[in-house]
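In what follows, a single structure is set out as structure tokens and then discussed.
Numbering (the working numbering), first residue to last: 1 to 286.
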């Protein structure tokens with residue numbers, strides 16, 4: 001039986017066409033056979049320099065046969081087998097859109113272990129300049145920096161998982177320039193506007209307590225829509241935030257967990273809000 005060759009082990013030879021070929025071990029198949037990576041250069045000196053870089057990159061790395069997967073194949077597996085059930089359905093659907101609309105068209109057919117930081121950087125540049133699927137009246141086909149940043153966040157996690165699964169030697173999304181997120185500034189009511197709003201909602205018997213609670217707690221829209229009476233402790237004057245309501249695009253209303261684990265919390269209510277909810281509960285139908 002032949003000795004198992006360690007990752008990073010390599011060899012050099014001159015081909016019949018005059019080029020120099022280098023070969024290094026980057027991993028092993030299930031039966032123990034070596035998985036090779038081939039490098040080519042016009043001269044032995046150039047090949048030696050390239051080979052030295054590759055040996056350093058793969059030293060101590062032992063990739064599996066899945067390193068031959070295309071990026072599309074890995075992204076589908078990552079979403080279906082690893083992420084499904086661990087994140088909110090709406091988040092998973094968002095990741096699928098990022099994968100299908102923005103990443104696969106540019107890098108999906110490429111073998112995942114051969115994707116470089118330069119490939120990723122070029123993709124981000126293209127997405128920023130003309131990545132929007134449907135033309136926008138103001139921005140044309142440009143994607144916002146926030147959108148590209150969100151795509152990067154998802155892609156980084158997918159490639160991190162690939163590295164942990166011994167499919168790639170290095171995460172190509174690390175340490176590359178990424179467009180900064182540029183969210184629209186939030187509009188905050190000043191004192192006069194707040195007083196006008198509070199005066200206006202007094203005349204709405206249905207929504208008054210809803211908006212009053214929102215103004216005094218600062219809950220997200222999905223969080224306040226997901227509240228149930230059992231979350232309200234009138235004796236302690238607290239409110240438990242345990243779930244969130246979400247309406248996906250072209251979908252039905254979903255009731256699930258809060259956006260993040262830290263979102264599950266108990267907040268103390270102002271006395272005025274406690275009193276309003278106590279009165280509301282007396283006459284609530286459900």
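Even for Gly, the Cβ is constructed at its ideal location relative to N, Cα and C. Since the structure is predicted, the reported quantities are computational estimates derived from the model, not experimental observations.
According to DSSP, residue i sits in a beta bridge with which residue or residues?
i, result
"residue 20", "14, 41"
"residue 363", "The structure shown does not extend to residue 363, since the chain is modelled only from 1 through 286, so no value can be given for it."
"residue 254", "246"
"residue 267", "239"
"residue 232", "239"
"residue 140", "136"
"residue 219", "Beta-bridge pairing links residue 219 to no other residue."
"residue 63", "27"
Identify which residue in the options has its Cα closest to the Cα of residue i.
i, options, result
"residue 238", "38, 244, 217", "217"
"residue 229", "246, 282, 182, 211", "282"
"residue 63", "112, 193, 214", "112"
"residue 199", "185, 184, 215, 32", "215"
"residue 288", "12, 16, 67", "Here the chain has residues from 1 to 286 only, and residue 288 is not among them."
"residue 75", "160, 28, 136, 213", "160"
"residue 165", "220, 190, 207, 77", "77"
"residue 258", "234, 222, 191, 285", "222"
"residue 182", "156, 146, 195, 194", "146"
"residue 115", "185, 98, 173", "173"
"residue 194", "212, 155, 219", "212"
"residue 123", "138, 155, 26, 135", "155"
"residue 267", "284, 18, 219, 226", "219"
"residue 37", "18, 58, 99, 265", "58"
"residue 88", "244, 138, 207", "244"
"residue 272", "29, 252, 209, 187", "209"
"residue 261", "17, 26, 86", "86"
Quick one: residues in its chain with C-beta nearer than 6 Å to the C-beta of residue i, no 5 flanking neighbours on either side, listed in chain order?
i, result
"residue 274", "237"
"residue 128", "143, 148, 179"
"residue 12", "22"
Report all residues from its chain with a CB closer than 8 Å to the CB of residue i; omit the five preceding and five following residues, and keep chain order.
i, result
"residue 1", "In this prediction, residue 1 has a pLDDT of 44, which is less than 50 and means its spatial position is unreliable; nothing more can be read from the coordinates."
"residue 39", "21, 22, 23, 24, 47, 50, 51, 54"
"residue 43", "20"
"residue 233", "239, 240"
"residue 162", "74, 78, 112, 168, 171"
Under 7 Å: does the beta carbon of residue i sit that close to some heavy atom of the ligand FMN?
i, result
"residue 281", "By its list of ligands, the structure shown contains no ligand whatsoever, and the ligand FMN lies outside what it can speak to."
Just verifying my parser: in three-state terms, what is the DSSP assignment at residue i?
i, result
"residue 240", "strand"
"residue 227", "coil"
"residue 287", "Nothing can be reported for residue 287, as the shown portion of the chain is limited to 1 through 286."
"residue 274", "helix"
"residue 1", "At residue 1 the pLDDT is 44, less than 50, meaning the model places this residue with poor confidence; the figure from the coordinates comes in the next sentence. Three-state result, residue 1: coil."
"residue 189", "coil"
"residue 69", "coil"
"residue 213", "helix"
"residue 204", "coil"
"residue 260", "coil"
"residue 157", "helix"
"residue 165", "coil"
"residue 178", "coil"
"residue 285", "coil"
"residue 131", "coil"
"residue 50", "helix"
"residue 172", "coil"
Excluding five sequence neighbours on each side, which residues of the same chain lie with their C-beta closer than 7 Å to the C-beta of residue i?
i, result
"residue 231", "239, 240, 242"
"residue 14", "20"
"residue 73", "none"
Item to check | Segments assigned alpha helix (DSSP H), at least 4 residues, entirely inside the stretch 80 to 114 | outcome: The qualifying runs are 89 to 97, 104 to 107.
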